Amino acid sequence: MMILFFIAVSCNSYQNVSSNESNKTTEPIADDYESNWVYFDLQESTELKIISHQLAGVGCGTIATASVTIGVTKKNDTIRVFELCNTKKDFPVNGNVIIEPATRPSFTVMYPKIYIQDENGSLLTHPVNKQVLKTTYGIIERKK
3 MMILFFIAVS CNSYQNVSSN ESNKTTEPIA DDYESNWVYF DLQESTELKI ISHQLAGVGC
63 GTIATASVTI GVTKKNDTIR VFELCNTKKD FPVNGNVIIE PATRPSFTVM YPKIYIQDEN
123 GSLLTHPVNK QVLKTTYGII ERKK
């Protein structure tokens, strides 16, 4: 039971928030914005300057997980990249990486959600979740 709690917490929050604070939501924490994401397949290696990077909360096993990286390409497109099972490769904000193409899996993948807290302690969906629509899967490597 404790393992399931850890998985739910690690895959659904950007920052640690106590249970008392998480009850103060003013906006439902729903994933309805995800229906607006436009999935595409990368056709070639792509350089990305990182805006945000969040490791997968747990490794793959019974469930599939992915890290979430948001960044800007050389063509000035802002995209979201999921990398399956990435719990160790961490990348700094403003760092440059290379995204190698990967196929979107046919199974469900859990990934960290990004939330912010307002001045009243309410937990809100981070605007980047709604603003960045282009989404793909890839393998992320440091730029050499």
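Using this note's numbering, read the sequence shown as starting at 3 and increasing by one per residue. Glycine is no exception: its CB is placed at the ideal position from the N, C-alpha and C atoms. Predicted, not measured: the structure shown is a model, and the values here were computed from it.
C-alpha distance - residue i paired with residue j, whole-angstrom precision
i: ASN22; j: LYS77; result: The pLDDT assigned to ASN22 is 37, lower than 50, so where the model puts this residue is not dependable, and the model offers no usable value.
i: GLU36; j: GLU85; result: 17 Å
i: ILE52; j: ASN122; result: 29 Å
i: ASP92; j: MET112; result: 18 Å
i: SER124; j: GLN133; result: 20 Å
i: ILE141; j: ILE118; result: 27 Å
i: GLU102; j: ASN88; result: 14 Å
i: GLU143; j: ASP120; result: 34 Å
i: GLU46; j: LEU126; result: 35 Å
i: ILE9; j: GLY61; result: In this predicted model, ILE9 has a pLDDT of only 38, less than 50, meaning its place in the structure is not dependable enough to derive any value.
i: PRO129; j: VAL74; result: 16 Å
i: GLN56; j: PHE109; result: 21 Å
i: ASP34; j: TYR139; result: 20 Å
i: TRP39; j: PRO107; result: 16 Å
Outcome for residue i when other beta-carbon atoms lying within 10 angstroms are tallied against a minimum of 16
i: ILE65; result: exposed
i: ARG82; result: buried
i: PRO114; result: buried
Helix, strand or coil at residue i according to DSSP, with G and I counted as helix
i: GLN133; result: helix
i: GLU85; result: strand
i: GLU102; result: strand
i: TYR139; result: strand
i: TYR113; result: coil
i: GLU46; result: coil
i: SER124; result: coil
Distance between beta carbons of residue j and residue i, contact taken as under 8 Å
i: VAL99; j: LYS145; result: 6 Å
i: TYR59; j: THR67; result: Looking at the sequence itself, residue 59 is Gly, so the reference to Tyr does not match. Indeed they touch by this definition, with Cβ atoms about 7 Å apart.
i: SER54; j: ILE116; result: 7 Å
Short CB-CB distance (under 8 Å) between residue i and chain B
i: GLY73; result: No chain B is present in this structure, which holds just one protein chain.
Option in the options with minimal Cα separation from residue i
i: GLU49; options: GLY97, THR137 and LYS115; result: GLY97
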